[in-house]
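First up is the structure itself, then whatever we jot down about it.
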Amino acid sequence: MKTTYSVNLTIGQILRHAPAGTQGREAALVDIAQDLLLRHLHDAMILDDLVFKGGTALRKLYAGNQGRFSLDLDFSVRRIGEDPAAVVELLTEEVQGLRLGPFVYGIVVRRGKSILTIDTQLGTTGQLASKLDVSPPPWLEPTARRWVPMPIHDSYGGGLPALTCVKLEENLAEKIARLNRTTTARDIYDLVWIWQTFRRQSGVRIDAGLIRRLAVLKIWVDANGLSADGTSWKPGHEAFPFDPERWLRERSARDFDTEDIGHLAVPPPDLDELGKDLRTCYSFLLDLDADERAVADLHGGHRQRVLRMLTDLDGRRLAAGTCW
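Residue numbers (the working numbering): 61 to 384.
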């Protein structure tokens with residue numbers, strides 16, 4: 061059910077929440093506006109059809125103020141067979157013109173991509189924006205997590221509900237798959253922070269073998285596509301065979317795609333050290349088993365092997381006989 065909240069934000073609270081830098085205030089406003097919107101979508105039951113993922117999910121549900129600011133809102137549809145486009149339509153109907161506290165929301169489509177727009181008089185640059193993406197469903201059963209508490213939450217006029225999110229190993233595997241194509245500081249920061257800091261502080265066991273297997277499979281599907289019971293994971297990304305030695309190569313500051321580096325964290329990380337930490341943390345990617353070595357070359361002739369590996373994943377969300 062929808063609940064009315066009395067949001068009470070001050071400029072001082074926003075500035076204390078903001079990262080350093082000229083764009084820090086805008087990053088903080090996007091972060092806060094995302095919080096309020098996610099709570100509203102949960103109360104309106106729109107999130108019943110969605111699973112939260114990506115860097116923003118890691119910040120809000122795992123890292124809190126220790127994590128980087130993320131300007132994207134990434135979801136998967138929850139169930140096999142659901143159409144992401146239909147869910148985006150429902151999301152657009154709910155969000156268009158929505159007012160929550162000092163924010164007014166909208167969704168526009170630019171070059172085929174949905175963009176969440178955020179209007180507020182608390183900013184200095186006019187309309188803010190957040191990329192919005194809804195992708196096909198996860199391969200593992202999602203999990204529920206609560207927000208990591210932050211001081212800014214006290215101004216929201218009420219609590220924040222647990223959200224359903226992609227399992228941590230699958231979220232990390234998607235970042236590994238993206239880094240097989242490009243070197244993005246935000247993805248490397250997330251991967252290193254989870255392995256170095258979250259794992260140590262929380263004591264949570266993270267399954268390295270599952271991450272590796274999922275990453276190899278996602279890279280193969282990115283290149284060759286997959287269908288299952290009415291759902292399609294379409295090919296289209298630039299495809300590079302998965303070579304762990306190449307993936308673990310030394311990445312220095314000059315190799316990074318610098319998008320969003322200014323909002324990574326406070327203080328910003330040393331990119332040379334970040335590249336070294338990535339190699340240390342994810343050296344387990346070298347330990348490919350026979351199946352993983354076979355599909356790492358992305359050859360389409362390995363489809364039956366890939367389908368078997370997918371249907372053997374924990375939870376059996378992709379049932380044997382329904383994938384092709």
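For each residue, glycine too, the CB sits at the ideal point set by N, CA and C.
Given the structure is predicted, the values throughout are model-derived calculations rather than measurements.
Item checked: Member of GLY218, GLN83, ALA204 whose CA lies at the smallest distance from the CA of ASP95 -> GLY218
Notebook entry, point to check: In angstroms, rounded to a whole number, what distance separates the CA positions of ARG241 and VAL155?
Noted result: 33 Å
Notebook entry, point to check: Around the Cβ of LYS173, are there at least 16 other Cβ atoms within 10 angstroms (buried) or fewer (exposed)?
Noted result: exposed
Margin query: Output needed for VAL281: all residues of its chain with C-beta closer than 8 Å, excluding positions within five of it in sequence on either side, in chain order.
Written below: TRP293, PRO295, VAL366
Item checked: ARG159 versus ASP179 - alpha carbon distance -> ARG159 and ASP179: Cα-Cα distance of roughly 9 Å.
Checklist line | In chain order, each beta strand (DSSP E) run of at least 3 residues that lies wholly inside the region 139-195 | finding: Runs of the beta strand (DSSP E) lying entirely within the region 139-195 and spanning at least 3 residues, in chain order: 163-170, 173-179, 188-195.
Item checked: Continuous beta strand (DSSP E) assignments of at least 3 residues falling wholly in the region 273-353 -> 286-288, 291-293
Notebook entry, point to check: Residues in its own chain within less than 6 Å of TRP255 by CB, not counting five upstream and five downstream?
Noted result: CYS341
Next item on the list: Take ILE248 and list the residues in its own chain whose beta-carbon comes closer than 6 Å to its own, dropping the five residues that flank it on each side.
Entry: LEU334, LEU338
Note to self: On the criterion of 16 or more Cβ atoms from any shown chain inside 10 Å, does GLU153 qualify as buried, or is it exposed?
What the structure shows: exposed
Checklist line | Coil, strand or helix - SER262 by DSSP | finding: The answer is helix: DSSP assigns SER262 an H, G or I state.
Margin query: Within 8 Å, do at least three Cβ pairs link the region 293-312 to the region 261-270?
Written below: Touching, no.
Notebook entry, point to check: So what does DSSP say about THR70, is it helix, strand or coil?
Noted result: coil
Item checked: Alpha-carbon spacing of HIS213 relative to PRO162, whole angstroms -> Roughly 15 Å between the two C-alpha positions.
Note to self: My assumption, with CB atoms under 8 Å, is that LEU176 sits in contact with LEU192. Please give the rounded CB distance.
What the structure shows: 5 Å
Next item on the list: Quick one: measure Cβ to Cβ for GLY115 and ASP132, integer angstroms, because I've assumed they're closer than 8 Å.
Entry: 7 Å
Check: Quick one: is ASP214 near chain D, going by C-beta distance under 8 Å?
Finding: As a matter of chain content, chain D is missing from the structure shown, which is built from one protein chain.
Margin query: Using CA atoms only, rank isn't needed, just tell me which of SER343, ASN231, ALA379 is closest to ASP289.
Written below: ALA379
Next item on the list: In the DSSP assignment, find the beta strand (DSSP E) that holds ASP95 and state where it starts and stops.
Entry: That residue, ASP95, is in no beta strand (DSSP E); its alpha helix (DSSP H) goes 84-103.
Check: What separation, rounded to the nearest whole angstrom, lies between the Cα atoms of HIS102 and ASN125?
Finding: 22 Å
Margin query: According to DSSP, simplified to helix, strand and coil, what is THR257?
Written below: The answer is helix: DSSP assigns THR257 an H, G or I state.
Next item on the list: In the DSSP assignment, find the alpha helix (DSSP H) that holds VAL226 and state where it starts and stops.
Entry: Looking at the DSSP string, VAL226 is not in any alpha helix (DSSP H), and its letter there is neither H nor E.
Notebook entry, point to check: What is the C-beta distance between SER190 and LEU69, in whole angstroms, given that I count them as a contact (C-beta under 8 Å)?
Noted result: Actually they do not touch by this definition, with Cβ atoms about 17 Å apart.
Item checked: Reduced DSSP category for THR116 - H, G, I as helix; E, B as strand; rest coil -> In the structure shown, the three-state DSSP call for THR116 is helix.
Check: Helix or strand or just coil, what does DSSP make of LEU110?
Finding: strand
Next item on the list: For my contact list, PRO301 and ASP357 are in at a C-beta cut-off of 8 Å; report their separation, rounded to the angstrom.
Entry: 5 Å
Next item on the list: For the beta strand (DSSP E) holding THR203, just list the boundary residues, first then last.
Entry: 203-205
Check: So, ARG99 versus LEU188, is the Cβ gap smaller than 8 Å?
Finding: no
Checklist line | N-terminal and C-terminal residue of the beta strand (DSSP E) that LEU133 is part of | finding: 132-137
Next item on the list: Determine which residues share a DSSP beta bridge with THR244 and list them.
Entry: ASP317
Notebook entry, point to check: In its own chain, which residues sit with a C-beta less than 6 Å from the C-beta of VAL194, not counting the 5 before and 5 after it?
Noted result: PHE135, PRO144, VAL147, VAL148
Notebook entry, point to check: How far does the alpha helix (DSSP H) with LEU367 in it reach, from first residue to last?
Noted result: Here the alpha helix (DSSP H) through LEU367 covers 363-371.
Notebook entry, point to check: Which one of ILE236, TRP199, LEU223, LEU200 has the shortest CA to CA distance from ARG206?
Noted result: LEU223
Notebook entry, point to check: Using the C-alpha atoms, what's the distance from ARG119 back to PHE258?
Noted result: Using only the alpha carbons, I get a separation of about 11 Å.
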